[in-house]
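A short worksheet on the structure shown next.
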Amino acid sequence: MGTPYLNPDKYRFIRALRPFSYSVALITCGLGVTLSFVHDHGDSLRGVLVILAGVLLQAASNLANDHADLALWKNRTGSMAELAVRRIRFNFLIAGVLTLTASLMGVYLVIDVGWQLLAFGVSGIIAGYFYTGGPIHYKSRGLGVPAVFLLTGVLMVSGSYYAVSGEWSNQVVLTSLPVSLLASALLLANELRDYLDDKAHKIGTLTVKVGFNNSKALYTLCLLLTYPLSFYLFIIGAIENPLFLLFSLVFVWQPLRLLMCEAGDVHLARLPPLTGRYFVVFGLTYIFSVM
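Take the sequence shown: its letter number 123 is residue 156 in the working numbering, and every next letter is one higher.
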């Protein structure tokens, strides 16, 4: 079996953009914006800018994600290595342009909302870089999953709410937890798919560190814990109607069924897109449940 990790096709611009992952930015930012209107602090222009900036930062993070692979290809010779290096560098350049564009939107929001918003924006940019960038490199330390939970989940939702409303809300932090779990599940889906490659190349993802079967159990917990957690949020009045979430149950069994596959099974390639689809369905129904 070939090693996709060493295939320069992985770095093609469209593939490096990882379109299925944009559900994270759309749902988390969309949830924060929706909650600002539910709490009577909404602003349409701020809401649009927040969602656009979130998508741009997600795209930038995806494109910059493979920059750490540059060292591997520089040690190789031949046309494939040269192609991979060119693509990685081009993607990293575009990531910088997208980050700059999102930052300009953020400057407008900071001027409109207040300087405190700057802390959210700077945290997001720094966290996106350090996912694969040194010296922290969350991915290789097994910290990618908790980092995604806190930064791509909790921070994106509560930060979006703050950017639109100009106010901090601890209830919004609680309300962000179900979608934060699913953002972590989406990363785990990628780690489960790439387990053998990551292990062979000593990339210390959480799945490599805790083992394939333990990671499958954690993935299952992230998906299924969303329902009792959402019911608890309904009990305390953080969401209005959890019955909307029943529709998402139709889509949860497909990714869970793939967990019967062993490490390296070609069918695991479907786990990230199926997880992404479930994330979108759950996220949309969850947004309806808070309205």
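Ideal placement from N, C-alpha and C gives every residue a C-beta, glycine not left out. All values reported here derive from a predicted model rather than from experimental measurement.
Between the CA atoms of residue j and residue i - distance to the nearest angstrom
i, j, result
"residue 313", "residue 144", "32 Å"
"residue 278", "residue 321", "9 Å"
"residue 57", "residue 202", "21 Å"
"residue 35", "residue 235", "Here the model assigns residue 35 a pLDDT of 39, short of 50, so the residue's position is not dependable, and the following value carries that caveat. Cα to Cα, the separation comes out at about 17 Å."
"residue 294", "residue 199", "47 Å"
"residue 256", "residue 280", "14 Å"
"residue 233", "residue 147", "48 Å"
"residue 156", "residue 310", "28 Å"
"residue 287", "residue 141", "42 Å"
"residue 184", "residue 87", "12 Å"
"residue 29", "residue 132", "With the chain covering only 34 through 324, there is no way to say anything about residue 29."
"residue 84", "residue 283", "27 Å"
"residue 103", "residue 95", "15 Å"
"residue 119", "residue 73", "49 Å"
"residue 42", "residue 113", "9 Å"
"residue 285", "residue 260", "11 Å"
"residue 251", "residue 319", "22 Å"
"residue 97", "residue 128", "6 Å"
"residue 215", "residue 149", "28 Å"
"residue 218", "residue 206", "18 Å"
"residue 151", "residue 139", "8 Å"
"residue 195", "residue 299", "42 Å"
"residue 204", "residue 269", "10 Å"
6 Å CB neighbourhood of residue i in its chain, flanking five on each side removed
i, result
"residue 316", "60 and 212"
"residue 245", "228 and 296"
"residue 76", "197"
"residue 80", "66 and 197"
"residue 134", "89"
"residue 40", "none"
Continuous alpha helix (DSSP H) stretch holding residue i: start and end
i, result
"residue 287", "282-290"
"residue 247", "245-257"
"residue 145", "112-146"
"residue 70", "55-71"
"residue 189", "189-198"
"residue 231", "228-233"
"residue 204", "203-208"
"residue 43", "First-last for residue 43: undefined, no H or E at that position."
"residue 75", "Looking at the DSSP string, residue 75 is not in any alpha helix (DSSP H), and its letter there is neither H nor E."
"residue 180", "177-180"
"residue 276", "Here residue 276 belongs to no alpha helix (DSSP H), and DSSP marks it neither H nor E."
"residue 6", "No information on residue 6 is available, as it lies outside the stretch 34 to 324 that the chain covers here."
"residue 238", "Where residue 238 is concerned, there is no enclosing alpha helix (DSSP H), given that its DSSP letter is neither H nor E."
"residue 308", "304-323"
"residue 301", "Looking at the DSSP string, residue 301 is not in any alpha helix (DSSP H), and its letter there is neither H nor E."
"residue 103", "103-107"
Own chain partners of residue i with C-beta closer than 8 Å, once the 5 adjacent residues on each side are dropped
i, result
"residue 208", "64, 68, 190, 266, 271, 272 and 323"
"residue 253", "289 and 292"
"residue 226", "301, 302, 304 and 305"
With 16 other Cβ atoms within 10 Å as the buried cut-off, status of residue i
i, result
"residue 115", "exposed"
"residue 66", "buried"
"residue 181", "buried"
"residue 305", "buried"
"residue 37", "Bear in mind that a pLDDT of 44 at residue 37, under 50, signals an unreliable position, so the model cannot answer this."
"residue 222", "buried"
"residue 106", "buried"
"residue 46", "exposed"
"residue 177", "buried"
"residue 153", "buried"
"residue 52", "exposed"
"residue 93", "buried"
"residue 110", "exposed"
"residue 108", "exposed"
"residue 121", "buried"
"residue 187", "buried"
"residue 82", "buried"
"residue 13", "No statement about residue 13 is possible, as the shown extent of the chain runs from 34 to 324 and does not include it."
"residue 276", "exposed"
Nonlocal neighbours in the same chain, by C-beta distance under 7 Å from residue i, ignoring five residues either side
i, result
"residue 91", "54, 55, 57 and 58"
"residue 239", "175, 177, 178, 224 and 248"
"residue 210", "262"
"residue 49", "95, 96, 99 and 124"
"residue 308", "218, 219, 222 and 288"
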